[in-house]
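Just so we're aligned: the sequence shown equals residues 176 to 479 in the numbering used here. Just so you know, even glycine gets a beta-carbon here, dropped at the ideal spot from N, CA and C. What follows is a single structure, written as structure tokens, with notes after it.
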Amino acid sequence: MSQILVWLLETHQVDAVVQIAAHRDAPMANQIVLSQTRADVLQAAASRYAPSSPLSVVSKLLDSDRRYAFVGKPCDVAGLRLWAEIDPRITQKFPVMLSFFCAGVPSLKGAEAVANHLGVAGSDVARFKYRGGGWPGQTEVETTQGQIHSMLYRESWGDILSSHVQHRCRLCADGIGVAADIAFADAWETDAQGYPQFEEQEGRSAILARTALGARLVDAAVAAGALHTEPLPIEALEAMQPGQVRRRTELLGRLAGRILAGAPIPKYRTLGIWACARQAGLTKTLRAMLGTAQRVLRQSRWQS
């Protein structure tokens, strides 16, 4: 994604990029930045598993004479697309919308838990890198005294951060950037059983062009030498991202479970929820429904 952004800037297809970077005053949190150079983009590179709200600056940019590439979570891009339906300035000012595969956003309590696991108090954190310096790269916490503590990605995300994902994210029908021009994902290597491997390797990304514009941009970037790509069968992508497959195929069961427990649900259109549920089958759908209903009822009893 960073390479596409740099190419868009250097070929003057956009004037700046709206994206997320580490907050300068709160290292575990995020802030919105407007990147205008290669150095700006690379400074903001790497995943940030914490809340972000890139849509909050859109109104301020609509009267600008500049054109922007927008980078956001799948829900952010979907919101921007809907906004464009009622305000044509959106399409003019944000001609390129990029997203990435998202497994949900942890609250900041997740980052605090990671720091505490490494023996660092939240008030003593000077720099917090969720991952990077490799692929997938390690989580690193630097203290105000200059000490660096680290842990593996599969431990920080798999054991800690994922358990702090906000509840609304668990009801999301789109973790794969359906509304984006281009969506990007970790193209994990898989083992003999087809499960993703998270050992350090040469980094690679899956690139999904979701619109005609996205396809043209990818082709042009490849032709210009800015990207090198190889074909990726959809079956291989499914194996690399099993969590996203489960998210889509089990969603109908989770929504039914909330209805069963008397809880509200989001409304989704044109995302093929029923077709995805048929892929899961009746047993998995019922299991997801009953498990969700039990969790909702337990939470209701705890809150009361």
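About 22 angstroms separates the beta carbon of G279 from that of Q372, a gap too long to meet the 8 angstroms contact definition. Excluding residues up to 5 positions away in sequence, G309 lie with their Cβ nearer than 6 angstroms to the Cβ of E375 in the same chain.
Straight across, the Cα-Cα distance linking T404 with S325 is about 32 angstroms. The DSSP-derived three-state label of P406 is coil. With respect to the 8 angstroms criterion, L180 and V193 are not classified as neighbours on the basis of their beta carbons. Around the CB of Q454, fewer than 16 other CB atoms lie within 10 Å, so the residue is classed as exposed.
Between G428 and R462, the CB-CB gap stays under 8 angstroms. Secondary structure at D361: strand, using DSSP grouped into helix, strand and coil. The residue among P406, A244, W258 and T319 with its C-alpha nearest the C-alpha of D200 is T319. Secondary structure note for Q267: it is in no beta strand (DSSP E), and the uninterrupted alpha helix (DSSP H) holding it is R264 to K268. Check the Cα spacing between V232 and each of Y224, I261, I265 and E410: the tightest is with I265. Annotation: the continuous beta strand (DSSP E) that includes I382 extends over S380 to A384.
Per the coordinates, the alpha-carbon of A225 lies some 33 angstroms from the alpha-carbon of G456. In this structure, I357 places its C-beta atom within 8 angstroms of the C-beta atom of V393. A Cβ-Cβ contact shorter than 8 angstroms links A362 with A381. Counting along the chain, the unbroken alpha helix (DSSP H) around Q218 starts and ends at R213 to A219. Here the stretch 404-415 makes no contact with the stretch 433-449; the two share fewer than three CB pairs at distances below 8 angstroms. Non-local C-beta neighbours of M464 in its own chain, meaning closer than 6 angstroms and more than five positions away in sequence, comprise G428, A431 and G432, ordered along the chain.
Among the bridge pairs identified by DSSP, T318 is matched with V300.
Distance from the CA atom of V271 to the CA atom of M176, rounded to whole angstroms, is 12 angstroms.
Nearest Cα to P408 within the set A452, I440, I323 and L383: L383.
When the five nearest sequence neighbours on each side are left out, the beta carbons in the same chain lying within less than 8 angstroms of the beta carbon of A253 are those of D349, V353 and A354, in order along the chain. Sixteen is the threshold: since fewer than 16 other Cβ atoms of the shown chains lie within 10 Å of the Cβ of E185, the residue is exposed.
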